[in-house]
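Each number in this note's numbering corresponds to the 1-based position in the sequence shown with 6 added.
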Amino acid sequence: MNETTVQNLQTGPSRQLIAWLAGIPLATAAWFLLYGQLIPFADWVLSLTGQTRDTHLGEAIHFFFYDTPKVMMLLIGVVFFMGIIQTFFSPERTRALLAGKRLGVGNSLAATLGIVTPFCSCSAVPLFIGFLSAGVPLGVTFSFLIAAPMVNEIALVLLFGLFGWKIAALYLGLGLSIAIVAGLIIGKLKMENHLQDWVRDIHIGKDLPADNTKMSWEARFQKGWQHVKEIVFKVWIYVVIGISVGAIIHGFVPEDFMVSIMGKDAWWSVPASVVLGVPMYTNAAGVIPIVEALIGKGAALGTTLAFMMSVIALSLPEILILRKVLKTRLIATFVGVVSTGILIVGFVFNALL
Numbered sequence: 007m008n009e010t011t012v013q014n015l016q017t018g019p020s021r022q023l024i025a026w027l028a029g030i031p032l033a034t035a036a037w038f039l040l041y042g043q044l045i046p047f048a049d050w051v052l053s054l055t056g057q058t059r060d061t062h063l064g065e066a067i068h069f070f071f072y073d074t075p076k077v078m079m080l081l082i083g084v085v086f087f088m089g090i091i092q093t094f095f096s097p098e099r100t101r102a103l104l105a106g107k108r109l110g111v112g113n114s115l116a117a118t119l120g121i122v123t124p125f126c127s128c129s130a131v132p133l134f135i136g137f138l139s140a141g142v143p144l145g146v147t148f149s150f151l152i153a154a155p156m157v158n159e160i161a162l163v164l165l166f167g168l169f170g171w172k173i174a175a176l177y178l179g180l181g182l183s184i185a186i187v188a189g190l191i192i193g194k195l196k197m198e199n200h201l202q203d204w205v206r207d208i209h210i211g212k213d214l215p216a217d218n219t220k221m222s223w224e225a226r227f228q229k230g231w232q233h234v235k236e237i238v239f240k241v242w243i244y245v246v247i248g249i250s251v252g253a254i255i256h257g258f259v260p261e262d263f264m265v266s267i268m269g270k271d272a273w274w275s276v277p278a279s280v281v282l283g284v285p286m287y288t289n290a291a292g293v294i295p296i297v298e299a300l301i302g303k304g305a306a307l308g309t310t311l312a313f314m315m316s317v318i319a320l321s322l323p324e325i326l327i328l329r330k331v332l333k334t335r336l337i338a339t340f341v342g343v344v345s346t347g348i349l350i351v352g353f354v355f356n357a358l359l
């Protein structure tokens, strides 16, 4: 045993390490307890206003006070634990794990992970940032960011229940294809220089020690908390602004207006639906009942699904949050590539069904 190991055996864990070991389980339990109370909290805040969810204003208020703490809690939790995990892997090792696979295996793995993470677009951003901070290639992280909100078990189960397995399977295949191909394209474009400077510094590993395998657990926990301070304190205002925009649109945009331009006959209905969907914000569980209502009123399935994909994969609130992480050119590339994929899905569904 080396001298450091002998000293550790003689002195035992430090008080600070004991505090971390006791505090993390308590904080985790508190996190899950609070997370489970977000809906009652939003209901309580709404009751103080005298509004109900049957009104446009009431629905907007409820949405804001539910989604804001939800996204912030996810951001803090994911960034903290990704910060700890990062200390076990050098950026080179992490990149090797998910990059360099033939035929986009890294993108496929990331997109598949997105299927089992039932996040809306804004909730997926924390893990997107965490992947970048761990040195995961940019194109692979985008495959996850696209797939997580757009193709998940909630969307698939609801589509299966409403429209049958063929529609659900077709949606799964096309959605995964968009996520994988879009990630591959963005990766091939080599746009790492279009990350914001503070994200790029984390992405290339500037803040990691040269030999992070010898870090103590105390240092790893401190590194996780440092990640929270560096990342969350930079993006929180964008989270609040983005969700505020989403809440206003979520509560006030009329459904009948969208139905009037989503018919199957007009070729422009698919791109028009994508344009309409981008400013809105909800998750798959929230938008699929709207999809059902739109189809019931005569909207074409392909047009409606294109609208749904744009709402949950290209929401304006998500773009506002990403603005703190990505530079304008990279955001524009992301929006352009994903929009093209969504348009293809819309036209294919309208042509086949």
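Where a beta carbon is used, it is the ideal one built from N, C-alpha and C, also for glycine.
Among the bridge pairs identified by DSSP, leucine 201 is matched with Leu332.
When C-alpha distances from alanine 25 are compared across Thr346, Met286, Gln228, Leu307, the shortest belongs to Gln228.
Taking every protein chain shown into account, the CB of alanine 154 has 16 or more other CB atoms within 10 angstroms, so this residue is buried. Counting along the chain, the unbroken alpha helix (DSSP H) around methionine 314 starts and ends at 307–319. Leucine 336 is not a Cβ neighbour of valine 284, given a cutoff of 7 Å. With a contact defined as Cβ atoms closer than 8 Å, valine 146 and glycine 181 miss out at about 17 Å. DSSP places serine 20 in the coil class of the three-state scheme, outside both helix and strand.
Here DSSP, grouped into helix, strand and coil, assigns valine 284 to coil.
Per the coordinates, the alpha-carbon of alanine 36 lies some 11 Å from the alpha-carbon of glutamine 43. Comparing alpha-carbon positions, the option among Ser250, Pro323, Asn356 lying closest to alanine 66 turns out to be Ser250. With 16 or more neighbouring CB atoms inside 10 Å of its own CB, phenylalanine 71 falls in the buried class.
If you check the CB distance, alanine 116 and serine 149 come in under 7 Å. Taking 4 residues as the shortest admissible run, the region 38–120 contains the following complete alpha helix (DSSP H) segments, listed from N- to C-terminal end: 44–55, 62–92, 97–104.
Taking C-beta atoms under 8 Å as the contact rule, leucine 307 and leucine 359 qualify, at a distance of about 5 Å. Per DSSP, reduced to three states, the secondary structure at serine 222 is coil, with no helix or strand assignment.
Residues of the same chain with a CB within less than 6 Å of the CB of isoleucine 184, apart from the 5 flanking positions on each side, are Gly347 in chain order.
Residue Gly230 holds the alpha-carbon nearest to the alpha-carbon of threonine 93 among Val276, Ile301, Gly230, Leu151. Remark: C-beta atoms of leucine 54 and glycine 110 do not approach each other more closely than 7 Å. Annotated three-state conformation of tryptophan 242 is helix, per DSSP. Of Ile318, Ile327, Ala338, the smallest CA-CA separation from glycine 120 is found for Ile318. Secondary structure at alanine 278: helix, using DSSP grouped into helix, strand and coil. Taken through DSSP and simplified to helix, strand or coil, lysine 196 comes out as coil. With a threshold of 16 other beta carbon atoms within 10 Å, leucine 27 falls short and is exposed.
Nearest to lysine 194 by C-alpha distance, out of Met268, Gln202, Phe340, Phe69, is Phe340. The residue among Arg59, Val85, Leu178 with its C-alpha nearest the C-alpha of threonine 118 is Leu178. Under the three-state reduction of DSSP, alanine 272 is assigned to coil, being neither helix nor strand. One thing to note: glutamine 202 has its Cβ within 7 Å of the Cβ of valine 331.
The C-beta of leucine 32 has fewer than 16 other C-beta atoms within 10 Å across all chains shown, which makes the residue exposed. Judged by beta-carbon spacing, phenylalanine 69 lies within the 7 Å limit of alanine 253, meaning their Cβ atoms are closer than that value.
By the CB criterion at 7 Å, methionine 268 and alanine 312 fall outside the cutoff.
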